[in-house]
Amino acid sequence: MLNWDRLRGMVVFASVVESGSMTSAADKLGMTASAVSQHIRQLEQSLGVTLLHRSTRKLTLSEAGRHFYPGTAAMISAVREAEEGLQILRDQPVGEVKITAPLGLSHGPLNSVLIPFMQQYPGLKITLDCSDAERDLIAEGYDLAIRFGPLKDSALVAQRLTSCRMMAVATPAYLDNAGIPQQPEQLMQLRWILSQPQTSLSLQHTHGQRWQGKVKAHLVGSDILLQRQWCLAHMGVSIQPYSEIIELLANETLVPVLPDWQSPSAGLYAVTPGKDIPAKVKMIVDALKLFFRKYE
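The numbering of the sequence shown is this note's numbering, which starts it at 311 and goes up by one.
Below is the structure:
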């Protein structure tokens, strides 16, 4: 078992040797000279040896002191190196960052941020878990989570990245075959690709009218990318995050269903286990905020 009083005495002893006197060591340590002398005396009593020969003019190391000092100096040096290593880990983008994010973000926005970030900081190791399952950040050791919707765990800290609009989309070929709906009531006549057997829709027209209803799934997929692939195969209508399908909409590979009716936006958040955020995590969060700002 470590003897903390002995360890404190070893620090004082090493400081006295390095400083050349108890007075100088006291100034360095923020102690009185008598307190320094007491620590040395207690250390010698604990070890059962004399470490320093004292005279009115100077201090000299005893044989035991000469043998003991290199070990205490090495101990203090190791502590200083450990502290410096922690400071680098805290203040610079080095070491590992463990991230969990929805599967749909992995091939678009997240890579757009992380790839140039890793190229700029080669000392940084990214571990990325892309899954629609909600991970336990604290129990599983994640530094950062990207999540949709309100925060459930009050122990976590969330920073808003953007408001993400969810959009019902399909291929032009599917709508040409199934018929293009003109009113929300006609949505029930379409084939839906969902993550569950049915879902509620809440829509608002650009002129202010509101509509609510439920649609049933013809195809149920476990994740958003699988649903998107089925949608691209002309198999039905899928509800997708706008930020992930911007290019598909721009080239009209996918088109909005009822473009004048919109779903409420869902918040996208960067979630961390606590308020004390390492610099490397903060830099990633700031880069994500900058990326999403152009879509608002």
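Backbone N, C-alpha and C fix where the C-beta goes; we use that ideal spot for every residue, glycine too.
| message | On the CB-based measure, 16 or more other CB atoms within 10 Å of its CB, does L497 come out buried or exposed? | response | When all chains shown are included, L497 counts as buried.
| Exposed or buried, which one is Q550 when buried takes at least 16 other CB atoms within 10 Å? | The residue is buried, with at least 16 neighbouring Cβ atoms inside 10 Å.
| query | Any idea if A478 is buried or exposed, counting beta-carbon neighbours within 10 angstroms, 16 or more meaning buried? | reply | Under this definition A478 is a buried residue.
| Three-state class that DSSP yields for M476 in the structure shown | In the structure shown, M476 adopts extended strand secondary structure according to DSSP, grouped into three states.
| query | Where R367 and L353 are concerned, what is the direct C-alpha to C-alpha distance, given to the nearest angstrom? | reply | Taking the straight line joining both Cα atoms gives about 22 Å.
| request: In angstroms with no decimal places, state the Cα-to-Cα distance between H363 and A336. | output: H363 and A336: Cα-Cα distance of roughly 18 Å.
| task | Could you tell me whether the Cβ of I436 comes closer than 8 Å to any Cβ of chain D? | result | The structure shown has no chain D; it contains just one protein chain.
| request: Taking R316 as part of the beta strand (DSSP E), name the residues at either end of that continuous run. | output: Premise fails: R316 lies in the alpha helix (DSSP H), 314-329, not in any beta strand (DSSP E).
| query | Can you give the Cα-Cα distance for L361 and G405, rounded to whole angstroms? | reply | Approximately 41 Å between the Cα atoms of the pair.
| Minimum C-alpha distance to R318 - residue among I350, K585, S344, A374 | Selected option, being the one with the closest Cα: I350.
| task | Specify, as a first and last residue, the run of the alpha helix (DSSP H) that K585 falls within. | result | Annotation: K585 is outside any alpha helix (DSSP H) and is labelled neither H nor E by DSSP.
| said: Taking DSSP's pairing of strands, which residues face W502 in a bridge? | reply: According to DSSP, which records beta bridges pairwise, W502 is partnered with V547.
| task | Report the three-state DSSP secondary structure of T342 (helix, strand or coil). | result | Coil.
| Whole-angstrom distance between R475 and E557, CA atom to CA atom | Approximately 15 Å between the Cα atoms of the pair.
| query | Which residue's Cα is closest to the Cα of S575: C541, L471, D486, D586? | reply | Considering only alpha carbons, the answer is L471.
| query | Any chance the segment 490-507 sits against the segment 518-527, with 3 or more Cβ pairs inside 8 Å? | reply | Yes, the segment 490-507 is in contact with the segment 518-527.
| DSSP state of H363, grouped into three classes? | It is a strand residue.
| field | Closest Cα partner of E562 within the set Q572, L542, V591 | value | Ranking the options by Cα distance to E562, first place goes to L542.
| request: Tell me the start and end of each unbroken beta strand (DSSP E) in the segment 370-442 that is at least 3 residues and wholly inside, in chain order. | output: Counting whole runs of 3 or more residues, the segment 370-442 contains the beta strand (DSSP E) stretches 405-411, 434-440.
| request: Quick one: give me the first and last residue of the alpha helix (DSSP H) that R538 is part of. | output: Counting along the chain, the alpha helix (DSSP H) containing R538 begins and ends at 534-542.
| field | Three-state secondary structure assigned by DSSP to V565 | value | Here V565 sits in strand by DSSP.
| task | Quick one: give me the first and last residue of the beta strand (DSSP E) that L466 is part of. | result | It is not in any beta strand (DSSP E) - L466 carries neither H nor E in the DSSP assignment.
| field | Validate contact between the segment 431-443 and the segment 566-586 using beta carbons, cut 8 Å, 3 pairs | value | Of all C-beta pairs linking the segment 431-443 to the segment 566-586, fewer than three are shorter than 8 Å, placing the two stretches out of contact.
| task | Note the first and the last residue of the continuous beta strand (DSSP E) segment covering L497. | result | Segment: none, L497 is in no beta strand (DSSP E) and carries neither H nor E.
| query | First and last residue of the beta strand (DSSP E) that includes A455? | reply | Under the DSSP assignment, A455 falls in the beta strand (DSSP E) whose first and last residues are 454-458.
| request: Give the single residue among K592, P583, T481, S512 whose Cα lies nearest to the Cα of A560. | output: With distances taken between CA atoms, A560 lies nearest to T481 out of K592, P583, T481, S512.
| request: Return the chain-ordered list of same chain residues with a C-beta closer than 6 Å to the C-beta of K435, the five sequence neighbours on each side being excluded. | output: The beta carbon of K435 sits closer than 6 Å to those of E406, all from its chain and outside the five residues before and after it, given in chain order.
| field | Three-state class that DSSP yields for K526 in the structure shown | value | In this structure, K526 counts as strand in the three-state DSSP scheme.
| message | So, for R457: in the same chain, excluding its five sequence neighbours on each side, which residues have a beta-carbon less than 6 Å away from its beta-carbon? | response | Correct list, in chain order: Y579, V581.
| Between the beta-carbon of V423 and the beta-carbon of K585, is there less than 8 Å? | The answer is no: Cβ separation not under 8 Å.
| Between I534 and G414, which are expected to be in contact by the criterion C-beta below 8 Å, what is the C-beta distance as a whole number of angstroms? | Cβ atoms of I534 and G414 come within 8 Å of each other, at about 4 Å.
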